[in-house]
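Single-structure report; data block below.
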Amino acid sequence: MTQPATRVRVLVADDQTLFRAGLVRLLEEDPRVEVVGQAGDGVEAVEMAGRLRPDVVLMDLRMPNLDGIEATRRIVAEFPEVRVLLLTVLDADNNVIQALKAGASGYILKDSKPDSIVSSLLAVMAGERVMASAVANRVLEMLTGTTTPKEFYDGLTNREIEILKLLAGGMANKQIAYRLKISEKTVRNHVSNMYEKLGIYDRSQAVLYAVRKGLVEV
Numbered sequence: 316m317t318q319p320a321t322r323v324r325v326l327v328a329d330d331q332t333l334f335r336a337g338l339v340r341l342l343e344e345d346p347r348v349e350v351v352g353q354a355g356d357g358v359e360a361v362e363m364a365g366r367l368r369p370d371v372v373l374m375d376l377r378m379p380n381l382d383g384i385e386a387t388r389r390i391v392a393e394f395p396e397v398r399v400l401l402l403t404v405l406d407a408d409n410n411v412i413q414a415l416k417a418g419a420s421g422y423i424l425k426d427s428k429p430d431s432i433v434s435s436l437l438a439v440m441a442g443e444r445v446m447a448s449a450v451a452n453r454v455l456e457m458l459t460g461t462t463t464p465k466e467f468y469d470g471l472t473n474r475e476i477e478i479l480k481l482l483a484g485g486m487a488n489k490q491i492a493y494r495l496k497i498s499e500k501t502v503r504n505h506v507s508n509m510y511e512k513l514g515i516y517d518r519s520q521a522v523l524y525a526v527r528k529g530l531v532e533v
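Read in order, the letters of the sequence shown are residues 316 to 533 in the working numbering.
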C-alpha cells in the first residue's frame, strides 16, 4: 500500500496499558498515521512531546501524576506547534471547558470508531478544532455565551454551586458552614433552595448531579 503524502505523527498518552496498546495497534493499521511514542502518564506525555515533537498528542483526560488537562497546558505552553486531542470516557461539560481553556484542539470519546479518531487527528493537525457530537453543542453554547453558567447549572447561584461542590465532596452542613464562614442555618437554607431548583430530595441525588455536571471528580 502506498503511503499518503502527509502522515500525522501521533504520541498516545493513556495510563491504561491494554487500552493504549489496542488503540496504537488500530491506529497503526491506518496508513495516514504514524505512532511515534506511547506515554503512561501526564508527566511522561510532556517529556515525550518535547523530545519527539509529534504533530498531535492523543491524550487521556484522567491520568496519574499529572492529569490530561494540566499536561495539555504544559505542552501547549512549551511546544506550541504540538496539538493536543483529548480522549476520555466521560462527556462531562466542565472538563471539556477546562481542557479547551488549557489549549486542547479538541475532545473525542474513547468509544469513537478508529476511522473517526483518525479523521479527528488529521483535522487537528490541519489546525481545526474537533469535539464529540455528544458534547459539542453544549460546549459551543457555553463558549459563545448563549448559555450562561447559571442556566447551565439549572438556575443555581454561585454560592449554591460552591455549597454543592463541598456537599458532594462529603462535607456535613456544619463543616460547610465553618469552611464558608456562614451559619449552619444559612447552609441549610441554601441546600433547601438547591434541592427545590434541581427537583431532588437527598444528598445522594445531589452528588450524582454534581458528578454529571463535572463539579466533582469521580
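Beta carbons are placed, not taken as given, at the ideal position from N, Cα and C, and that holds for glycine. All of these numbers come straight from a predicted model, not from anything done at the bench.
Buried or exposed by the 16-neighbour rule on C-beta atoms within 10 Å, applied to residue i
i	result
glutamate 359	buried
arginine 295	The requested residue 295 is not part of the displayed model; the chain covers only 316 to 533.
valine 531	buried
serine 435	buried
glutamate 475	buried
leucine 415	buried
tyrosine 524	buried
glycine 534	There is no way to answer for residue 534, as the model of the chain reaches only from 316 to 533.
aspartate 329	buried
threonine 403	buried
proline 369	buried
tyrosine 422	buried
alanine 441	exposed
arginine 494	exposed
arginine 398	buried
tyrosine 516	exposed
alanine 364	buried
methionine 316	Since pLDDT at methionine 316 reaches only 49, below the 50 mark, its modelled position is unreliable, and the value read off the structure follows with that caveat. It counts as exposed.
Residue of the options minimising C-alpha distance to residue i
i	options	result
valine 522	Asn488, Thr501, Gln490, Leu479	Leu479
proline 379	Tyr516, Lys512, Thr332	Thr332
arginine 518	Ile497, Gly484, Gln490	Gly484
leucine 341	Lys425, Thr403, Arg444, Glu362	Lys425
valine 350	Val433, Val526, Asn473, Glu499	Val433
tyrosine 468	Glu344, Ala336, Arg527	Arg527
glycine 355	Arg347, Arg335, Lys489	Arg335
arginine 347	Lys512, Leu437, Ile515	Leu437
glycine 529	Ile412, Arg322, Leu338, Val445	Ile412
glutamate 362	Val323, Ala487, Phe394	Phe394
alanine 417	Pro429, Leu376, Glu443	Leu376
asparagine 504	Asn488, Arg444, Gly514	Asn488
isoleucine 497	Gly514, Glu477, Tyr510	Glu477
leucine 367	Glu396, Glu344, Asp345	Glu396
asparagine 508	Thr472, Pro429, Glu344, Met446	Thr472
Residue i vs residue j beta-carbon contact at 8 angstroms
i	j	result
alanine 492	valine 502	yes
glycine 357	alanine 392	no
valine 325	leucine 373	yes
glutamine 353	valine 327	yes
Distance cut-off 7 angstroms: residue i Cβ against heavy atoms of the ligand ATP
i	result
arginine 388	Looking at this structure, you won't find the ligand ATP or any other ligand, since it has none at all.
Rounded Cβ spacing between residue i and residue j (contact assumed at less than 8 angstroms)
i	j	result
serine 420	leucine 400	6 angstroms
lysine 500	glycine 470	About 22 angstroms; that fails the 8 angstroms criterion.
valine 371	valine 439	5 angstroms
Return the chain-ordered ranges of every alpha helix (DSSP H) run that is complete within the segment 348 to 391 and spans a minimum of 4 residues. 357 to 367
Whole alpha helix (DSSP H) elements within the segment 456 to 522, 4-residue minimum: 464 to 467, 473 to 483, 488 to 495, 499 to 513
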